[in-house]
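Enquirer:
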Amino acid sequence: MMNIESIMQDLLEKRKQSGTYRSLKILDSKAHDFTSNDYLGLAKIDFLSGEDHSFIDNGAGGSRLLSGNKAYHVEAEAFMADYFNAKSCLLFNSGYVANLGLLSSVPQKGDAILMDELSHICIKEGARLSRASHFNFRHNDVSDLEKKLNTVNANNIFIVVESIYSMDGDEALLANIVELAKKYNANVIVDEAHSTGLLSNDGSGLCCQLGIEKEVFARVYTFGKAMGAHGAVVAGSEILKSYLINYSRQFIYTTSLPYHSIQIIIKAINYRKLNSELWKSLQDKIEKFRNQLNEEINLLESNHPIQGVITGSSENAIRLANFLQEKGFDIRPIVSPTVPLHQERVRICLHAFNTDESIDELCRQLNQYYS
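In the numbering used here, each number is its position in the sequence shown, counted from 1, plus 5.
1. State the beta-bridge partners of residue 176 as determined by DSSP.
2. Would a C-beta distance cut-off of 7 Å place residue 135 and residue 112 closer than the cut-off?
3. Output yes or no for whether 7 Å exceeds the beta carbon distance between residue 142 and residue 153.
4. Cβ of residue 207 within 7 Å of Cβ of residue 278?
5. What are the complete beta strand (DSSP E) segments, minimum 3 residues, inside the segment 71–118?
6. Excluding sequence positions up to five away, which residues of its chain have a Cβ less than 6 Å from the Cβ of residue 5?
7. Check whether the segment 296–311 touches the segment 122–133, taking contact to mean three or more Cβ pairs, one atom from each stretch, closer than 8 Å.
8. For the alpha helix (DSSP H) that contains residue 357, what are its first and last residues?
9. What residue range is occupied by the uninterrupted alpha helix (DSSP H) comprising residue 193?
10. Mind checking residue 14: buried by the 16 CB within 10 Å criterion, or exposed?
11. Return the CA-CA distance between residue 367 and residue 334, expressed in angstroms with no decimal places.
12. Quick one: measure Cβ to Cβ for residue 226 and residue 210, integer angstroms, because I've assumed they're closer than 8 Å.
13. Where in the segment 302–337 do unbroken runs of the beta strand (DSSP E), each at least 3 residues long, occur, reported from the N-terminal end onward?
14. Rounded to whole angstroms, what is the Cα-Cα separation between residue 378 and residue 11?
15. Quick check on this structure: which residue in 261, 17 and 161 has the alpha carbon closest to the alpha carbon of residue 75?
16. May I ask you to list the residues that DSSP assigns as paired with residue 227?
17. According to DSSP, is residue 39 helix, strand or coil?
18. Can you tell me whether residue 5 is buried or exposed, with buried defined as 16 or more other CB within 10 angstroms of its CB?
19. Pick out whichever of 156, 191, 364 and 355 has its Cα sitting closest to the Cα of residue 40.
20. Can residue 233 and residue 108 be called in contact, C-beta distance under 7 Å?
21. DSSP beta-bridge partners for residue 339?
22. Can we say the segment 30–40 touches the segment 324–342, given the rule of at least three CB pairs closer than 8 Å?
23. Excluding five sequence neighbours on each side, which residues of the same chain lie with their C-beta closer than 6 Å to the C-beta of residue 218?
24. At the level of alpha carbons, what is the spacing between residue 138 and residue 155?
25. Would the segment 59–78 and the segment 192–206 be scored as touching if the rule is three or more Cβ pairs under 8 Å?
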């Protein structure tokens, strides 16, 4: 019998040989940030300093069903339900956990989950934890989705998509998907992780911008990206909220978010609502970046801060990322299996705080690399 550490070491060696080995890095703090999901720079704002906050707790002290349900949780959920134009909201500790909690508990045996093939791993893991059958449809392909809807035999059907896809930065065809859901009596679930805080409305996400939020069964909003905080909510009906409280293990058995985290989320939302120019500034930077790159660079189509340069292999992605890091840019490679084989890339995230000069220099270095 092999020692477990020997088995693990062998598997790690396979990753190294295939060029997909991961390790944690801390780059120079002076490096230009083109990798974080802090699109608006809100993570760098100290929302609570200098304010008179009565001390409540450093931690909630338990799960919501035990000692951890505080007035500040209830008030925050009501505030977020109003912001996201939902009947109710339920707090989770992260977007990953929220998707696991929602998808592992709501779909039942005899149901079916249809997921976009590029959905985040937490969506796929949530589906696997459920008792429902689950299938992929081709990315952003409404025709393929309808083919699957025509062939699936289920009591209830759930269509799960991201509003903005985390690796490609493209937008789901939500209006078309909602129409299909009506036609086939399906339930739509939208992960709004990379649209929360962005877009041309008050930051309440793509469903609200399109005016289809009432036609969506459940929406997951994450505060660890453009809102610069931590935590997430599932937005939906009162029945959905009560059901998750009773059946979502990821909610039931988790210590709830502390007061400090809740206050940061609320402050960030209010700040975003009052500073709509942040999104306009970010759009200008996206346009500036895209307009300066040479045509031979394989740049994904995206109007979102997420910009991907396809390199075609893990080795090429790592090589390009290392080149840019040496030039003073915090940019990371994305390799298989996070993205499909031959779709390896460097993922560049633009921010409202990136200067025009740093964007100009990044484009100059990219153009030089590919010249």
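Beta carbons are placed, not taken as given, at the ideal position from N, Cα and C, and that holds for glycine.
Just so it is clear, the structure is predicted and the values come from calculations on it, not from any experiment.
Expert: The answer reads as follows:
1. Per DSSP, 169.
2. Yes. Within cutoff.
3. A contact, by the Cβ cut-off of 7 Å.
4. Yes, these two residues count as a Cβ contact at 7 Å.
5. Listed in chain order, the complete beta strand (DSSP E) runs (minimum 3 residues) inside the segment 71–118 are 93–97.
6. The chain is shown from 6 up to 376; residue 5 falls before or after that span and cannot be answered.
7. No, they do not touch.
8. The continuous stretches of alpha helix (DSSP H) do not include residue 357, and DSSP gives it neither H nor E.
9. Where residue 193 is concerned, there is no enclosing alpha helix (DSSP H), although the beta strand (DSSP E) around it starts and stops at 192–196.
10. By the Cβ-count criterion, residue 14 is exposed, with fewer than 16 other Cβ atoms from all chains shown falling within 10 Å of its own Cβ.
11. Each residue's Cα considered, the two are about 8 Å apart.
12. So it is a contact: roughly 6 Å between Cβ atoms.
13. Runs of the beta strand (DSSP E) inside the segment 302–337: 311–315.
14. Residue coverage of the chain in this structure runs from 6 to 376, which leaves residue 378 outside it and unanswerable.
15. Between residue 75 and the set 261, 17 and 161, the nearest pair of CA atoms involves 261.
16. DSSP output for residue 227 lists 237 as bridge partner(s).
17. DSSP, reduced to helix, strand and coil, places residue 39 outside both helices and strands of the structure shown, so it counts as coil.
18. Any property of residue 5 remains undetermined from this structure, which presents the chain solely from 6 to 376.
19. Measuring from the Cα of residue 40, the nearest candidate turns out to be 355.
20. Going by beta carbons, residue 233 and residue 108 fall outside the 7 Å limit.
21. Answer is 350, bridged to residue 339.
22. Three or more pairs of CB atoms, one per stretch, sit closer than 8 Å, so the segment 30–40 contacts the segment 324–342.
23. So the list reads 90 and 212, once near-sequence residues are dropped.
24. For residue 138 and residue 155, the distance between alpha carbons rounds to 15 Å.
25. Verdict: no, contact absent.
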